[in-house]
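Engineer: Let me begin by handing over the structure; questions about it come next.
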Amino acid sequence: MRWTLKPKPDPEQVNLLSEALKVEPLIASLLVQRGVGTFEEAEKFFRPSLEDLHNPFLMKDMEKAVSRIEKAIENEENILIYGDYDVDGTTSVALLSSYLKSYYPNISTYIPDRYDEGYGISYKGIDFAEDNDFSLIIALDCGIKAIDKVAYASEKNIDFIICDHHRPGKEIPKAIAVLDPKREDCEYPYKELCGCGVGFKLIQALAEKRGLQIDDLLLYLDLVATAIAADIVPMTGENRILAHYGLKVINSNPRTGIQAILKQVKKETLTITDVVFIIAPRINAAGRMKHGNHAVTLLTETDFEKAEIYAAEIEVFNTDRREADKQITEEALQQIIKNNEEERKTTVVYHENWHKGVIGIVASRLTETYYRPTLVFTKSGEKLAASARSVKGFDVYNALESCSEHIEQFGGHMYAAGLTLFEKDFENFKNEFERVVSETIDPNLLTPEIKIDAEINLEDITPKFFRILKQFAPFGPGNMTPTFMTQNLKDTGWGKCVGEDKTHLRVVIKQGNSNQFTGIGFGLADKKDIACNGKSFKAAYCIDENEWQGNVSLQLRLKDIME
Numbered sequence: 001m002r003w004t005l006k007p008k009p010d011p012e013q014v015n016l017l018s019e020a021l022k023v024e025p026l027i028a029s030l031l032v033q034r035g036v037g038t039f040e041e042a043e044k045f046f047r048p049s050l051e052d053l054h055n056p057f058l059m060k061d062m063e064k065a066v067s068r069i070e071k072a073i074e075n076e077e078n079i080l081i082y083g084d085y086d087v088d089g090t091t092s093v094a095l096l097s098s099y100l101k102s103y104y105p106n107i108s109t110y111i112p113d114r115y116d117e118g119y120g121i122s123y124k125g126i127d128f129a130e131d132n133d134f135s136l137i138i139a140l141d142c143g144i145k146a147i148d149k150v151a152y153a154s155e156k157n158i159d160f161i162i163c164d165h166h167r168p169g170k171e172i173p174k175a176i177a178v179l180d181p182k183r184e185d186c187e188y189p190y191k192e193l194c195g196c197g198v199g200f201k202l203i204q205a206l207a208e209k210r211g212l213q214i215d216d217l218l219l220y221l222d223l224v225a226t227a228i229a230a231d232i233v234p235m236t237g238e239n240r241i242l243a244h245y246g247l248k249v250i251n252s253n254p255r256t257g258i259q260a261i262l263k264q265v266k267k268e269t270l271t272i273t274d275v276v277f278i279i280a281p282r283i284n285a286a287g288r289m290k291h292g293n294h295a296v297t298l299l300t301e302t303d304f305e306k307a308e309i310y311a312a313e314i315e316v317f318n319t320d321r322r323e324a325d326k327q328i329t330e331e332a333l334q335q336i337i338k339n340n341e342e343e344r345k346t347t348v349v350y351h352e353n354w355h356k357g358v359i360g361i362v363a364s365r366l367t368e369t370y371y372r373p374t375l376v377f378t379k380s381g382e383k384l385a386a387s388a389r390s391v392k393g394f395d396v397y398n399a400l401e402s403c404s405e406h407i408e409q410f411g412g413h414m415y416a417a418g419l420t421l422f423e424k425d426f427e428n429f430k431n432e433f434e435r436v437v438s439e440t441i442d443p444n445l446l447t448p449e450i451k452i453d454a455e456i457n458l459e460d461i462t463p464k465f466f467r468i469l470k471q472f473a474p475f476g477p478g479n480m481t482p483t484f485m486t487q488n489l490k491d492t493g494w495g496k497c498v499g500e501d502k503t504h505l506r507v508v509i510k511q512g513n514s515n516q517f518t519g520i521g522f523g524l525a526d527k528k529d530i531a532c533n534g535k536s537f538k539a540a541y542c543i544d545e546n547e548w549q550g551n552v553s554l555q556l557r558l559k560d561i562m563e
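With the first letter of the sequence shown counted as 1, position 48 gets the number 48 in the numbering used here; the numbers rise by one all the way through.
Right, here's the structure in full:
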């Protein structure tokens with residue numbers, strides 16, 4: 001691990017903010033590091049307001065999209081809401097379809113089959129629309145590169161509205177409207193919305209035309225918060241506002257489908273992290289293991305007894321997903337060793353029988369072992385399909401673009417992408433990808449980095465300090481949970497390896513005459529000799545709460561330990 005201490009912000013600015021907010025300089029310093037430098041900015045940070053959401057009509061083509069939907073409703077056309085099969089796609093479809101159905105009945109949904117149709121808009125989906133008399137398709141979380149598919153639909157007199165957040169190619173599809181804040185010609189002020197976020201801007205615009213207020217849309221924000229959490233988009237700007245209010249809905253009045261998922265969970269208040277690890281994997285499991293339709297059905301169901309049945313089915317898919325993910329990860333790690341590829345700058349593995357639904361998760365797992373850009377391939381019909389994952393600071397999308405002569409199709413983000421290619425091109429692609437990454441990656445990026453917000457002493461950690469830190473949430477990229485470093489720590493003699501397979505480390509530590517704190521380091525059992533040899537050490541950690549038998553205490557969630 002590389003430890004990087006963030007630069008200390010301007011002391012004068014910190015002091016001014018500290019006095020204005022009546023908080024200690026350490027809190028003010030953490031805020032300034034996050035771009036919060038004035039009383040007004042702090043107020044917006046600590047009290048996110050729906051009033052600060054941007055006007056949806058600032059997004060290019062929004063007026064066209066709304067007009068076309070209003071015309072469809074006026075003419076009693078059938079509208080098909082089409083979305084990708086992951087969390088962002090299925091929540092988007094649930095969001096827009098449930099909103100439109102609240103006042104217009106001729107709405108149906110379509111999620112492509114991951115195995116039969118693959119990612120994005122499919123010819124099969126367009127044929128389905130033609131066969132069932134749909135004259136308007138609204139595509140969510142996909143479509144920005146579907147130039148041929150949109151043209152195909154146009155020949156059949158089917159109009160498209162695209163709501164996407166992925167990077168466009170050189171050409172924009174000739175749809176009625178293309179809503180994507182990442183379009184170069186779109187002046188929308190916030191560029192980092194997820195697909196469901198773009199869908200929400202569309203219903204915000206539709207609602208505005210109908211004379212509704214933003215408060216009338218609050219109950220849709222549980223879906224938006226879930227998509228923001230699952231898609232790992234920056235937790236800044238509009239995303240932070242939408243996630244803040246969406247979490248409130250999840251914790252107070254979630255839709256029936258989410259209630260059914262949460263029935264088994266013994267947690268009163270969920271955080272964004274809980275959404276990532278509890279709600280999102282279950283919604284994702286439907287599209288990974290069976291079909292994304294199951295997720296949309298659950299998320300739009302209003303009868304609790306039916307929702308419970310759907311949630312139980314999805315729980316089975318999630319269990320199957322976990323088993324497949326574990327097995328394929330083990331096989332992939334063995335393949336890397338067998339091929340003597342431990343020292344490469346990339347991981348590219350392939351097996352024709354790997355389950356297509358979990359290759360993205362496996363790619364993420366492999367980056368935990370070999371910290372480098374990773375692609376996991378499997379057979380998909382006549383072609384090979386892959387999920388790509390990157391390491392912090394490296395743009396895997398650009399790297400794939402440099403290898404495009406060997407690729408049939410690709411799309412995605414800086415840190416995650418998907419692609420297909422022909423089997424005959426696999427070896428050439430693998431070699432080219434290794435060459436491109438080797439020549440362009442900063443070697444430092446191949447070592448995981450812990451960014452430390454501040455060096456503090458244990459005596460700085462008080463209940464009041466933690467209460468204010470908690471108000472920095474919701475956390476995510478661009479607003480991560482603060483990470484601290486403390487030196488001259490000593491274990492009090494209670495340090496031991498814990499967990500079923502003894503891979504975690506639990507220590508009870510002091511710094512001089514400070515209070516004792518329990519530290520838990522997941523996967524840090526190999527650091528026991530450093531922490532428990534009687535000598536002092538330093539630790540990088542976050543602060544969180546531990547609840548045990550009704551008692552709540554502060555604990556340190558250890559990220560790394562050094563001598």
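Heads up, the beta-carbon is just placed ideally off N, CA and C, and yes, glycines get one too. Here the structure is a predicted model, which means the values were calculated and not measured.
1. Assuming the contact rule is C-beta atoms closer than 8 Å, P254 and L247 should be a hit. Round their C-beta distance to whole Å, please.
2. Fully enclosed by the region 419-485, which beta strand (DSSP E) runs are 3 residues long or longer?
3. With C-beta atoms as the reference, is T492 less than 8 Å away from I450?
4. Give the range of the alpha helix (DSSP H) segment to which C403 is assigned.
5. Could you give the residue range of the alpha helix (DSSP H) that holds G246?
6. By Cβ distance below 6 Å, which residues in the same chain neighbour N78 in space, the five residues on each side in sequence not counted?
7. By the 10 Å Cβ neighbour count, where 16 or more other Cβ atoms means buried, how is T319 classified, buried or exposed?
8. Below 8 Å on the Cβ atoms is my contact criterion, and I expect Q511 with N428 to pass it. Report the Cβ-Cβ distance as a whole number of Å.
9. Can you tell me which residues form a DSSP beta bridge with I520?
10. Could you give the residue range of the beta strand (DSSP E) that holds N78?
11. How long is the line joining the alpha carbons of D159 and P477, rounded to whole angstroms?
12. Considering just the uninterrupted stretch of the beta strand (DSSP E) at T109, what are its terminal residues?
13. What span of residues does the beta strand (DSSP E) with K135 cover, start to end?
14. Please state the DSSP three-state secondary structure of E563.
15. Apart from the five residues just before and just after Q13, which ones in its own chain have a Cβ nearer than 6 Å to its Cβ?
16. Are the beta-carbon atoms belonging to G292 and A285 less than 8 Å from one another?
17. Which residue comes first and which comes last in the beta strand (DSSP E) that contains Q259?
18. Tell me whether I359 sits in a helix, a strand or coil according to DSSP, three-state version.
19. Helix, strand or coil for S49 per DSSP?
20. Round the Cβ separation of R557 and I520 to the nearest angstrom and send it over; I've been treating them as touching at under 8 Å.
21. So the beta strand (DSSP E) D86 belongs to, where does it begin and stop?
22. Taking the C-alpha atoms as reference points, what is the distance between E408 and G381?
23. Per DSSP, what kind of secondary structure is R596 in: helix, strand or coil?
24. Shortest alpha-carbon distance to L375 belongs to which of T347, I228 and K470?
25. Measuring only the C-alpha atoms, how far is L53 from P181?
26. Considering only C-alpha positions, which residue in the set P9, P25 and L489 is nearest to N15?
27. Judging by CA-CA distance, which residue of Y370, Q327 and V498 is the nearest neighbour of H351?
28. Is the distance from the Cβ of L218 to the Cβ of L299 below 8 Å?
29. Less than 8 Å between C-beta atoms, sequence neighbours within five positions excluded: which residues of the same chain meet that for E342?
30. For F39, collect the residues of the same chain with a Cβ closer than 7 Å to its Cβ; drop the 5 residues on either side in sequence, then sort them by chain order.
31. Once you ignore the five residues that flank N488 on each side, which residues in its own chain have a CB closer than 6 Å to its CB?
32. Confirm, please, whether the CB-CB distance from R372 to L446 is below 8 Å.
33. Taking 8 Å as the CB-CB cut-off, is R114 touching chain C?
34. If we ignore side chains and look at the alpha-carbon of each, how far apart do P7 and D560 end up?
35. Could you give the distance in angstroms between the alpha-carbon of A540 and the alpha-carbon of S390?
Structural biologist: So, from the listed chains and residues:
1. Contact doesn't hold; Cβ gap of about 10 Å is too wide.
2. 449-452
3. no
4. Neither: C403 is in no alpha helix (DSSP H) and is coded neither H nor E.
5. G237 to S252
6. N106, D133 and F134
7. exposed
8. Actually they do not touch by this definition, with Cβ atoms about 56 Å apart.
9. R506 and R557
10. N78 to G83
11. 36 Å
12. I107 to Y110
13. The question names Lys, but residue 135 is Ser in the sequence shown. From DSSP, the beta strand (DSSP E) with S135 extends over F134 to L140.
14. coil
15. V32 and G37
16. no
17. No beta strand (DSSP E) contains Q259, which is instead part of the alpha helix (DSSP H) from T256 to L262.
18. helix
19. coil
20. 6 Å
21. Counting along the chain, D86 falls outside any beta strand (DSSP E), and DSSP gives it neither H nor E.
22. 14 Å
23. For the chain, the structure presents residues 1 to 563; residue 596 sits outside this window and is missing.
24. T347
25. 14 Å
26. P25
27. Q327
28. no
29. I336 and Y370
30. A20 and L21
31. Q511 and S536
32. yes
33. Among the chains of the structure shown, chain C does not appear; only one protein chain is present.
34. 20 Å
35. 24 Å
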